[in-house]
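Engineer: Here my numbering is used: position 41 in the sequence shown is 428, and no number is missing along the way.
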Amino acid sequence: MGWNSYTDEEGAFAVAAVPSRVLVSVFRAGASSEVASRIALDLDPKRVERIEIVLPKQRDPTDVRGVDGGGVPLAGAEGRVVSLDPETSVQKTLFTDDDGLVSVPSVRGLPLRVALDKPGKARCVHEIDDAGREHTLTMPEGLTLRGAVTAREGRDRVEGADIVVYSAAGTRHAKTDEAGAFEIDELDQGRLRIVARHPEHARAQRVVWFEGSPTRPIEIDAIDLGEAGSVRGEVTDELGNPIVGARVGVGGVPTFLPVGRLPSGLTLTDADGRFLLGQVPAGTVELEAYSAELG
């Protein structure tokens, strides 16, 4: 729940009937999506709390220009700008004009992450340490990746496999068709990590250096999924006590995960410390377990 208030001609405001702990966010007039200042307060319910909030000086804008590989301005490119400064919240989505230009207000001097997307072009992601007056980002022609997923050493084509492509510009997803084929376009040249998953097979991945001509798809060798098994077990401490909520996976297990659904390839122990891990490659594997309390 939130409480809204506006300052009067003297810059004063008042809010009543709020909880004892609040977070006050201040927005400048005409910029309701940008937090100009934020302060956390612990209030005494028996008295009126008086505070003074001093807003920092408003920053100048930064212009971002998108061009193709020949330096021609790109109109209609979607730009997403995020501040990398933890104390300054900026998240904007803007579009370039006919000159390939977009003006981002109030970000001069900030560290920024800028991403440009336009159909037919490779996604461009650029990090700026100190935003200046203008920055030019080049979007080359997009390349198309074509491949296939097989099983049983190439004898079977796998339909419905999930494909995830990781690159410096982000993550792309696809799914194989009835012939086990997939295609992903608008990629840039460089290192790609391609992960293929299917519920009836073990996960497989391929790391490739991706380059070629934008005039035709670039094909890679088929990714073959091996037979999958499952592992059932228990995680305990050194005294034999079961560990609840430990992460278990093949190989290294991440010590930090964002809030949300558990990634594929990991499972959690139950109230008795037991786990069941599926889609494990047949053969000898190494498992790892991690607990936030015990490491």
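All residues carry an ideal CB built from backbone N, CA and C; glycine is no exception.
Taking the C-alpha atoms as reference points, what is the distance between R542 and R584?
Structural biologist: Those two C-alpha atoms are separated by around 17 Å.
Engineer: Since F597 is in the beta strand (DSSP E), which residue starts that stretch and which ends it?
Structural biologist: Per DSSP, F597 belongs to the beta strand (DSSP E) from A591 to F597.
Engineer: With distance defined between alpha-carbon atoms, name the residue in E675, L574 and R590 nearest to A555.
Structural biologist: Minimum Cα distance to A555 is reached at L574.
Engineer: Please report the straight-line C-alpha distance between E514 and A658, rounded to a whole angstrom.
Structural biologist: When rounded, the distance between both Cα atoms is 44 Å.
Engineer: Taking the alpha-carbon positions, what's the T348 to L653 distance?
Structural biologist: The chain is shown only over 388 to 682; residue 348 falls outside these bounds and no answer can be derived.
Engineer: Helix or strand or just coil, what does DSSP make of L644?
Structural biologist: Coil.
Engineer: If distances are taken between C-alpha atoms only, which option among K508, V451, G466 and D517 comes closest to S490?
Structural biologist: Among K508, V451, G466 and D517, the Cα nearest to that of S490 belongs to V451.
Engineer: Would you tell me roughly how many angstroms separate the C-alpha atoms of S424 and E465, rounded to the nearest one?
Structural biologist: Going from the Cα of S424 to the Cα of E465 covers about 28 Å.
Engineer: Return yes when the Cβ of I607 is within less than 7 Å of the Cβ of A591, no when it is not.
Structural biologist: Their beta carbons are not under 7 Å apart, which means A591 does not touch I607 by this criterion.
Engineer: Check whether the segment 594-606 and the segment 635-649 touch, using three or more Cβ-Cβ pairs below 8 Å as the test.
Structural biologist: Short answer: they don't touch.
Engineer: Using a Cβ-Cβ cut-off of 7 Å, state whether A509 counts as contacting chain C.
Structural biologist: Given the protein chain composition of this structure (a single chain), no chain C is represented.
Engineer: Using only CA atoms, which one of G398, V411, G529 and V501 lies nearest to P601?
Structural biologist: Of the listed residues, the one whose Cα sits closest to P601 is G529.
Engineer: If we require 3 or more residues per run, which beta strand (DSSP E) segments fall completely within the segment 462-548?
Structural biologist: For the segment 462-548, whole beta strand (DSSP E) runs of length 3 or above, ordered along the chain, are 465-470, 478-482, 488-491, 499-504, 511-515, 521-526 and 530-538.
Engineer: Locate the beta strand (DSSP E) running through A561, then write down its first and last residues.
Structural biologist: Unbroken beta strand (DSSP E) run through A561: G557 to K562.
Engineer: How many angstroms separate the CA atom of L492 from the CA atom of V501?
Structural biologist: Position check: residue 492 holds Pro in this sequence, whereas Leu was assumed. One C-alpha to the other measures close to 14 Å.
Engineer: Can you tell which of D486, A538 and R408 has the C-alpha that lies nearest to the C-alpha of W390?
Structural biologist: Closest by alpha carbon: R408.
Engineer: By alpha-carbon positions, which one of G665, K562 and G599 ends up nearest to P586?
Structural biologist: Considering only alpha carbons, the answer is G665.
Engineer: Considering I581, what are the terminal residues of the beta strand (DSSP E) in which it resides?
Structural biologist: Counting along the chain, the beta strand (DSSP E) containing I581 begins and ends at G577 to R584.
Engineer: Sorted by chain position, which residues of the same chain lie with C-beta nearer than 7 Å to A399's C-beta, five sequence neighbours on each side aside?
Structural biologist: So no residue of the chain qualifies.
Engineer: By DSSP, does L442 sit in helix, in strand, or in coil?
Structural biologist: It is coil, neither helix nor strand.
Engineer: Apply the 10 Å Cβ neighbour rule to R634 and answer buried if 16 or more other Cβ atoms are within range, or exposed otherwise.
Structural biologist: R634 comes out buried.
Engineer: My guess is that T449 and R415 are in contact by the Cβ rule of under 8 Å, so how many angstroms apart are they, rounded?
Structural biologist: Between R415 and T449 the Cβ distance is about 17 Å, and since that is not below 8 Å, they are no contact.
Engineer: Ignoring anything shorter than 4 residues, give me the alpha helix (DSSP H) runs that lie fully in the segment 598-671, in order along the chain.
Structural biologist: Those alpha helix (DSSP H) runs which fall completely within the segment 598-671 and span 4+ residues do not exist here.
Engineer: With C-beta atoms as the reference, is V422 less than 7 Å away from I440?
Structural biologist: Cβ distance not < 7 Å, so V422 and I440 don't count as in contact.
Engineer: Rank L410, L442, R446 and K444 by C-alpha distance to the C-alpha of L430 and give the top, closest one.
Structural biologist: The option with the nearest alpha carbon to L430 is L410.
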